[in-house]
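2 protein chains.
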Amino acid sequence: MNLYDQPMDDVVNLPLHQRLSHEFRQRITEGIWAPGSQLPSEAELCREFGTSRGPVRQALAALRSEGAVIGGRGRPPMVRGQVQSQSFSTFMSFTEWAQTLGKVPGQHTLEVARRAASPAAAAQLMLDDGAQAVEVFRVRFLDGTPAMIERTTFIPDVGRLLFDFDTDSGSIFAYLKRHGADLSSARHTIDAVAATDRDAELLHQEPGTPLLRERRLTSTAGGHPVEYSDDRYLPSLTNFTIENNAQHRANLVRIHTA
Amino acid sequence: MNLYDQPMDDVVNLPLHQRLSHEFRQRITEGIWAPGSQLPSEAELCREFGTSRGPVRQALAALRSEGAVIGGRGRPPMVRGQVQSQSFSTFMSFTEWAQTLGKVPGQHTLEVARRAASPAAAAQLMLDDGAQAVEVFRVRFLDGTPAMIERTTFIPDVGRLLFDFDTDSGSIFAYLKRHGADLSSARHTIDAVAATDRDAELLHQEPGTPLLRERRLTSTAGGHPVEYSDDRYLPSLTNFTIENNAQHRANLVRIHTA
DNA sequence: ATTCGGCACTTATACATACAAGTTCACCAG
DNA sequence: CTGGTGAACTTGTATGTATAAGTGCCGAAT
Numbered sequence: 001m002n003l004y005d006q007p008m009d010d011v012v013n014l015p016l017h018q019r020l021s022h023e024f025r026q027r028i029t030e031g032i033w034a035p036g037s038q039l040p041s042e043a044e045l046c047r048e049f050g051t052s053r054g055p056v057r058q059a060l061a062a063l064r065s066e067g068a069v070i071g072g073r074g075r076p077p078m079v080r081g082q083v084q085s086q087s088f089s090t091f092m093s094f095t096e097w098a099q100t101l102g103k104v105p106g107q108h109t110l111e112v113a114r115r116a117a118s119p120a121a122a123a124q125l126m127l128d129d130g131a132q133a134v135e136v137f138r139v140r141f142l143d144g145t146p147a148m149i150e151r152t153t154f155i156p157d158v159g160r161l162l163f164d165f166d167t168d169s170g171s172i173f174a175y176l177k178r179h180g181a182d183l184s185s186a187r188h189t190i191d192a193v194a195a196t197d198r199d200a201e202l203l204h205q206e207p208g209t210p211l212l213r214e215r216r217l218t219s220t221a222g223g224h225p226v227e228y229s230d231d232r233y234l235p236s237l238t239n240f241t242i243e244n245n246a247q248h249r250a251n252l253v254r255i256h257t258a
Numbered sequence: 001m002n003l004y005d006q007p008m009d010d011v012v013n014l015p016l017h018q019r020l021s022h023e024f025r026q027r028i029t030e031g032i033w034a035p036g037s038q039l040p041s042e043a044e045l046c047r048e049f050g051t052s053r054g055p056v057r058q059a060l061a062a063l064r065s066e067g068a069v070i071g072g073r074g075r076p077p078m079v080r081g082q083v084q085s086q087s088f089s090t091f092m093s094f095t096e097w098a099q100t101l102g103k104v105p106g107q108h109t110l111e112v113a114r115r116a117a118s119p120a121a122a123a124q125l126m127l128d129d130g131a132q133a134v135e136v137f138r139v140r141f142l143d144g145t146p147a148m149i150e151r152t153t154f155i156p157d158v159g160r161l162l163f164d165f166d167t168d169s170g171s172i173f174a175y176l177k178r179h180g181a182d183l184s185s186a187r188h189t190i191d192a193v194a195a196t197d198r199d200a201e202l203l204h205q206e207p208g209t210p211l212l213r214e215r216r217l218t219s220t221a222g223g224h225p226v227e228y229s230d231d232r233y234l235p236s237l238t239n240f241t242i243e244n245n246a247q248h249r250a251n252l253v254r255i256h257t258a
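Chains A and B, in that order, are what the protein sequence lines are.
Residues in the first sequence are numbered consecutively from 1, following my numbering.
Residues in the second sequence are numbered consecutively from 1, following my numbering.
Below is the structure:
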């Protein structure tokens, strides 16, 4: 199972510093660089890989910002612990995520519809009131147990691709990517809601059970919204973690909702 | 109100790239660089500030990883929107956060006790079973309305400082920092729980109401745990957001809890 | 024995340079 | 008018160099 963006064979095509960062991450997960141990100095790494300090430092900076490596000026960098971060596609795709866990992802599609977008989705996707959009409503499973409810709205341009796709067959994210859709950034808003009667029924829970909700607005590289999703997780099966340190500005925000 | 780590007067002491990043962020929040507009090329910024490309690129990289700036090779960088990220201390301190919102933070201490740490806290803090720790139990307010319940456990070395502190007077984080405690990184785990009877009473809600829970393990620069906290937010008042893009590896992780 | 200074090593910061690779746009041929 | 070519400009990557600043250790002086 490969936790990283690129299969090993493709790694040679990546820029040097990404290749290094990949290699370093692998050494950590394989235990060659054990948690708590200090890793080689930048100079040694340069010698080993035959590069200048630039790429080595970029690679280390990537690990640092994930919290996998700590240590600073004068102090050799140390491994802080198991790397706890997922590539963009692993985080975006329920299917890919489940596979890295060694679980079997599943999905049951309740509805794929073209209709006027809900007010919340229309606002997020910057669509005119009453504008058409494509909505997908699925339950997602881990090893056969329901784990999440997914209500996703796509802008028409992207959504129309879905009518040629069996949404019970797997990852929408992967499918859209393959067909050239530009999904390259997302804003996640995390809160908690009580399960509606429908939610409860689908997840085999009592109505009112707390659910962990992730609302996601996915955009193109140019910043144009593409997809809006309201995903509700069973908190007993899933939660979210994030690392945060004084050097690197937190990319996690606590929001007050008036 | 200053959203940033350093007051303006101290900015001169920072490294150049941090000064630039500070300046850039300010230009964005002040609207000099409006959302959607493209900002000056790296070369222009170099000329303006009389530096080489290195620091400018570092500063832009910081903004990029926060999702404030997008754009890539060939394409001039563009402002994506209002900067949505908080400094480490703003995120860690409820008091500081409330102040940046223009709200009045409040707190009511229910208990400060030295006792054997709870099993969950002891495990996280790497304390022996039955080892002593200092626990603080507070309700936090925004403009007088209860917004969060805080159950925090400190290792004895740090916790003892709290017996000389009026925990009703304000920020424990700021107090500990002033007294030299090393709080420099944290791991946040976010999920949802049902309000217990006690929780409900303190937050003026019905028992069973969904609460947004943030469990936080704060550590020193060397990776030694210092503080463990179980904070429960009213989801109608608070939620969390995070940015995520294809270039920069997600520092947000979806976790499966077996 | 202890303390203090300084050396050797490390990382952090900064600059100059070169080239690769993508975008935009004007211009020209058809 | 259309479509393609290429120049000019942009950012990405990589190298080399120099200096500042923090850490840890050893040895000399006290």
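From the three backbone atoms N, C-alpha and C, an ideal C-beta is built for every residue, glycine too.
Asked, Found
"What residue range does the beta strand (DSSP E) around Arg80 (chain B) cover?", "Neither: Arg80 (chain B) is in no beta strand (DSSP E) and is coded neither H nor E."
"Just to confirm the assignment, what range does the alpha helix (DSSP H) spanning Gly106 (chain B) have?", "It is not in any alpha helix (DSSP H) - Gly106 (chain B) instead sits in the beta strand (DSSP E) that spans Pro105 to Ala116."
"What would DSSP say about Arg57 (chain B), mapped onto helix, strand or coil?", "helix"
"Taking 7 angstroms as the threshold (C-beta atoms), are Ile255 (chain A) and Asn239 (chain B) in contact?", "yes"
"Would you give the residue range spanned by the beta strand (DSSP E) that Phe24 (chain B) belongs to?", "Not the beta strand (DSSP E): Phe24 (chain B) falls in the alpha helix (DSSP H), residues Leu16 to Thr29."
"For Asn13 (chain B), which three-state DSSP category applies?", "helix"
"Between Arg254 (chain B) and chain A, is the shortest Cβ-Cβ distance under 7 angstroms, so that the two count as touching?", "yes"
"Helix, strand or coil for Asn2 (chain A), going by three-state DSSP, please let me know.", "Below a pLDDT of 50, predicted positions are generally treated as unreliable, and Asn2 (chain A), at 37, falls in that range; the measurement from the model is reported next regardless. In the structure shown, Asn2 (chain A) sits in coil (DSSP, three-state: anything other than H, G, I, E or B)."
"Rounded to whole angstroms, how far is the Cβ of Val259 (chain B) from the Cβ of Gln18 (chain A), which I believe are closer than 8 angstroms?", "For residue 259 (chain B) there is no data in the structure shown, the boundaries of chain B being 1 and 258."
"Which ranges would you report for the beta strand (DSSP E) in the stretch 128-214 of chain A if only whole runs of at least 3 residues count?", "132-142, 145-154 and 185-194"
"Should Ala122 (chain B) be flagged as near chain A, meaning a C-beta pair shorter than 7 angstroms?", "no"
"Which chain A residues sit within Cβ distance under 7 angstroms of Asn239 (chain B)?", "Thr189, Ile190, Asp191, Ile255 and Thr257"
"Would you mind telling me which residues of chain B sit closer than 8 angstroms to Phe91 (chain A), beta carbon to beta carbon, in chain order?", "Asn244, Ala250, Leu252, Val253 and Arg254"
"Could you tell me which chain A residues have their CB closer than 7 angstroms to the CB of Arg138 (chain B), listed as they occur along the chain?", "The premise fails here: Arg138 (chain B) is roughly 17 angstroms from chain A at the closest Cβ pair, so nothing lies under 7 angstroms."
"Have a look at Gln84 (chain B) and Asp143 (chain B) and give me their C-alpha separation to the nearest angstrom.", "23 angstroms"
"By the DSSP assignment, the alpha helix (DSSP H) with Arg75 (chain B) in it spans what residues?", "Note, Arg75 (chain B): premise wrong, no alpha helix (DSSP H); not H, not E."
"Please go through the same chain and pick out, in chain order, the residues whose beta-carbon is closer than 6 angstroms to the beta-carbon of Leu101 (chain A), but skip the five residues on each side of it.", "none"
"Quick check: the Cα distance between Glu206 (chain A) and Phe163 (chain A), rounded to an integer number of angstroms?", "34 angstroms"
"What number of angstroms, rounded off, separates the C-alpha of Gly36 (chain A) from the C-alpha of Gly159 (chain A)?", "47 angstroms"
"Return yes when the Cβ of Val226 (chain B) is within less than 7 angstroms of the Cβ of Ile155 (chain B), no when it is not.", "yes"
"Taking Cβ positions only, does Arg80 (chain A) come closer than 7 angstroms to chain B?", "yes"
"Out of A:Gln58, A:Gly72, A:Leu45 and A:Gln38, which one is the CA nearest neighbour of Pro15 (chain A)?", "A:Gln58"
"Going along the chain, which residues of its own chain have a beta-carbon closer than 6 angstroms to the beta-carbon of Gln6 (chain B), five neighbours each way excluded?", "Note that Gln6 (chain B) scores a pLDDT of 42, beneath 50, so its modelled location is shaky; the value from the coordinates is reported in the next line. Taken in chain order, the list of residues that qualify is empty."
"Tell me, please, whether the CB atom of Ser184 (chain A) is closer than 7 angstroms to any CB atom in chain B?", "yes"
"Taking Cβ positions only, does Leu101 (chain B) come closer than 7 angstroms to chain A?", "yes"
"If you check the beta carbons only, do Phe137 (chain B) and Leu110 (chain B) fall under 7 angstroms apart?", "yes"
"What is the residue span of the beta strand (DSSP E) that Pro259 (chain B) lies within?", "Since the displayed chain B opens at 1 and closes at 258, residue 259 (chain B) lies outside it and no answer follows."
"Mind listing which residues of the stretch 211-235 of chain B have their C-beta closer than 7 angstroms to chain A's C-betas, in chain order?", "Leu211, Leu212, Ala221, Gly223 and Pro235"
"Less than 7 angstroms between the C-beta atoms of Gln124 (chain A) and Tyr228 (chain A), yes or no?", "yes"
"Helix, strand or coil for Leu63 (chain B), going by three-state DSSP, please let me know.", "helix"
"Out of curiosity, what's the CA-to-CA distance linking Glu214 (chain B) and Asp230 (chain B)?", "6 angstroms"
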